[in-house]
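Notes for the one structure printed next.
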Amino acid sequence: MKNLYLFFVIATFCVAFFLRFYHFSDLPMGLNQDETAIGYNASLILQTGRDEYGHFLPLYFKSFGDYKLPVYIYLTSFSEKLFGFTAFAVRFWSALLGSCTIVIAFFLVAYIARNKWLSFTTAALLTVNPWQLFFSRIALEVNIANFFLTLGVLLFLMGIDKKKLLLLTLSLLSFGLSLYSYNVARFVAPVMLCFLISLKWKEIHNTPLFWKVFSVVLFFIILSPFVMTLFSSSGFTMQKNVLIFGGQSQANILMFRSYLVSLPNLITKLFFNNIVLWVWVYLGNLIGFFSPGFFFLQGSTFSVSVGNVGMFYPFEAIAIAAGCFLAFTDKRLRVFTGWFLIVLCIVSLSAETPHATRDFVAIIPLTVFSAAGLLCIFSWIQKQPTVIRNMLFTVCFLLIGYSLVYFAASYTQQFPALSAQTYRAEDKPLALFLKSREGTYQHIVIATDADFIYTSLLFYQQYPAKNFLATARHEPDSLFIHLQQVGKYAFAPIDWSKVSTMKRTLLVVKGTATAPSNIHLLATFPYPQRHIVLPLSTMYAQYPVTDIAYKVYETK
9 MKNLYLFFVI ATFCVAFFLR FYHFSDLPMG LNQDETAIGY NASLILQTGR
59 DEYGHFLPLY FKSFGDYKLP VYIYLTSFSE KLFGFTAFAV RFWSALLGSC
109 TIVIAFFLVA YIARNKWLSF TTAALLTVNP WQLFFSRIAL EVNIANFFLT
159 LGVLLFLMGI DKKKLLLLTL SLLSFGLSLY SYNVARFVAP VMLCFLISLK
209 WKEIHNTPLF WKVFSVVLFF IILSPFVMTL FSSSGFTMQK NVLIFGGQSQ
259 ANILMFRSYL VSLPNLITKL FFNNIVLWVW VYLGNLIGFF SPGFFFLQGS
309 TFSVSVGNVG MFYPFEAIAI AAGCFLAFTD KRLRVFTGWF LIVLCIVSLS
359 AETPHATRDF VAIIPLTVFS AAGLLCIFSW IQKQPTVIRN MLFTVCFLLI
409 GYSLVYFAAS YTQQFPALSA QTYRAEDKPL ALFLKSREGT YQHIVIATDA
459 DFIYTSLLFY QQYPAKNFLA TARHEPDSLF IHLQQVGKYA FAPIDWSKVS
509 TMKRTLLVVK GTATAPSNIH LLATFPYPQR HIVLPLSTMY AQYPVTDIAY
559 KVYETK
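Basically this note's numbering = 1-based index in the sequence shown + 8.
What follows is the structure, encoded as structure tokens:
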């Protein structure tokens, strides 16, 4: 049995590793703005120890004004040391730790449920899961947070049961790394740890006093930076805009209340005060989390999904429903039940539900439910008469097989063309083109409406850290912070009536912009060709479309 376990673990990791690393530098075929921001800030840390604003080894990276948490960026500085400033280095940790999460999940399920088939099935489903596979092929902090959260749960349970202080210490460190990897994990990790403590309270009560004191001190040391910055501009206050207590959600509540001014004041205070309406929105979010379209049909936007495949396969809809029933009635699975309920209650506080990245920390319990339900369905089919059993197994395997083929075809054939703009496929060619020509021109002006993100320029050109820190000027634009100037590059509106006075200048504009006829068009950067099909009466018109991402003009 041990040999079988070892073989399955190695085989699963090899398959997961291959699926996550195969051509992952160019599929998706570009780096989105968060990936280039992570990559360039990591390179600055590696070279100078400072972020793009000159802050030394920061706990929060201001970046575009979204205050990224530090773990992924510091990890990326190590991978860039090994692999250079490349897409491979930026996505390396997501692919590696995404693969490792599957192995950890295998051992976690085996340890908790003592069911080899459940652990095998969970690992197999995670290996090919669209959500986990997609997130492991792009640089996403939540994928790292989920790895450390899963590892923390396993180490905690083993540490308490086996009375190993080292495992318990590593567990607390894992929870801490999860805490500083992604914003939702800052709330899920501490609550999850408290939940595990409540489950193992009897065992904890019998541990030596030194263990308890050491664990509490270590936990508070890990938590202290988070607590001290909770109400800072980079802490919870910054994240308030994505919660139901602020941002667009609160604006919607205020707009609704503006229509109620004619009602008696007592009615509005009793039934339409902020607390009541927040609870109403929260209950709606709890229900909205269970979106069949999101989970099993079309998924989410191209930035976090293929676009025509759900976060799970369609056949898992029935499996997860059956698995949820089993989990809520089987004490061996109560860790996963509690895990799911914790995530559900916390992510429902956000203004947008369901949300692909915030909800991702629920993927482990949901996959366990799917595996348990699938095994239950197969067990029921096994009990049927031979003819019916064979027919049902055939249908199941055809459905599972087609789901895998459909996802693979969508991801490798359709997705690259349709997601080219989301993943900024032409940013690298443009950045390298500008670098090759910059010595010929006095100024390079990039139009602010061209949607060319400055981190793409910096990352792909490997812009020298010292030059950047010495010359960069940032200009905030609402919640999103732009770069105004760095070296001879300027990000500014372009007034075509004044262009003729700009000598030896390169102008970068969006692909749909039109310049005066006397301005020389130097280069265009088209996205990959995509196909459009339109219904015309009883016929269909199909034709290819090539969108232009950027145009580059020059003045003599």
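In this text, a Cβ means the ideal position worked out from N, Cα and C, and glycines have one as well. Note that the structure is a prediction, hence the values are computed from the model and not measured.
The residue from TRP347, THR456, SER102 and ILE556 with its alpha-carbon nearest to that of SER189 is SER102.
Annotation: the continuous beta strand (DSSP E) that includes ALA500 extends over 497-500. Distances from the CA of GLY381 to each of LYS208, ASN260 and GLU324 were compared; the closest alpha carbon is that of GLU324.
Beta-bridge partners of LEU159 (DSSP): none assigned. A direct Cα-to-Cα measurement between GLY318 and VAL312 gives close to 11 Å. Note: LYS559 is bridge-paired with VAL517 and THR532 in the DSSP secondary-structure output. Among the bridge pairs identified by DSSP, ARG58 is matched with PHE64. By the C-beta density criterion, LYS339 is exposed, having fewer than 16 other C-beta atoms within 10 angstroms.
The alpha carbon of LEU383 has as its nearest neighbour, out of THR84, ALA327, HIS482 and PHE467, the alpha carbon of ALA327. Per the coordinates, the alpha-carbon of SER505 lies some 26 Å from the alpha-carbon of ALA439.
Taking every protein chain shown into account, the CB of ASN273 has fewer than 16 other CB atoms within 10 angstroms, so this residue is exposed. With fewer than 16 other CB atoms across the displayed protein chains lying within 10 angstroms of its CB, GLU483 is exposed.
Less than 8 Å separates the beta-carbon of ILE372 from that of TRP347. Counting other Cβ atoms within 10 Å of its Cβ, GLU43 reaches 16 or more and is therefore classed as buried. Between the beta-carbon of THR129 and that of ILE110 there is about 12 Å, and that puts the pair past the 8 Å contact cut.
Boundaries of the beta strand (DSSP E) around ALA455: 451-455.
Listed in chain order, the alpha helix (DSSP H) elements of length 4 or more contained wholly in the region 335-373 are 342-355. For ALA147, the secondary structure class from DSSP, reduced to helix, strand or coil, is coil. When Cβ pairs closer than 8 Å are counted between the two stretches, the region 463-472 is seen not to touch the region 534-548, the count staying below three.
By the criterion of a C-beta distance shorter than 7 Å, LEU52 is surrounded in its chain by ARG58, ASP59, GLU60 and ALA473, once the five residues flanking it on both sides are discounted.
Taking LEU412 as the centre and dropping the five residues before and after it, the same chain places the C-beta of VAL136 closer than 7 Å to its C-beta, in chain order. In the DSSP annotation of this structure, ALA433 is not part of any beta strand (DSSP E), being labelled neither H nor E.
For GLN550, the beta-bridge partners assigned by DSSP are VAL541. Collapsing the DSSP output to three states places LYS506 in a helix.
ASN11 has its alpha-carbon roughly 44 Å from the corresponding atom of ALA425. Closest by C-alpha distance to ALA428, out of LEU39, PHE218, PRO501 and ALA24, is LEU39.
Looking only at ILE489, ILE152, MET263 and LYS496, the smallest Cα-Cα distance to PHE183 is reached by ILE152. The beta carbon of SER356 lies closer than 7 Å to those of TYR290, ASN293, LEU294 and PHE297 in the same chain, with the five residues before and after it left out.
For LEU491, the enclosing beta strand (DSSP E) begins and ends at 488-494.
Residue range 394-417 is occupied by the alpha helix (DSSP H) that includes ILE408.
In this structure LEU148 is buried. Its beta-carbon is surrounded by 16 or more other beta-carbon atoms within 10 angstroms.
VAL314 is positioned such that its CB atom lies closer than 8 Å to that of PHE423. Below 8 Å, too few C-beta pairs join the region 455-470 and the region 406-420 to call them touching: fewer than three. Between LEU226 and THR177, the gap from beta carbon to beta carbon is short of 8 Å.
Considering only PRO233, MET166 and SER232, the residue with the shortest C-alpha distance to LYS208 is MET166.
Approximately 5 Å separates the beta-carbon atoms of THR365 and VAL150; this is inside 8 Å, confirming the contact.
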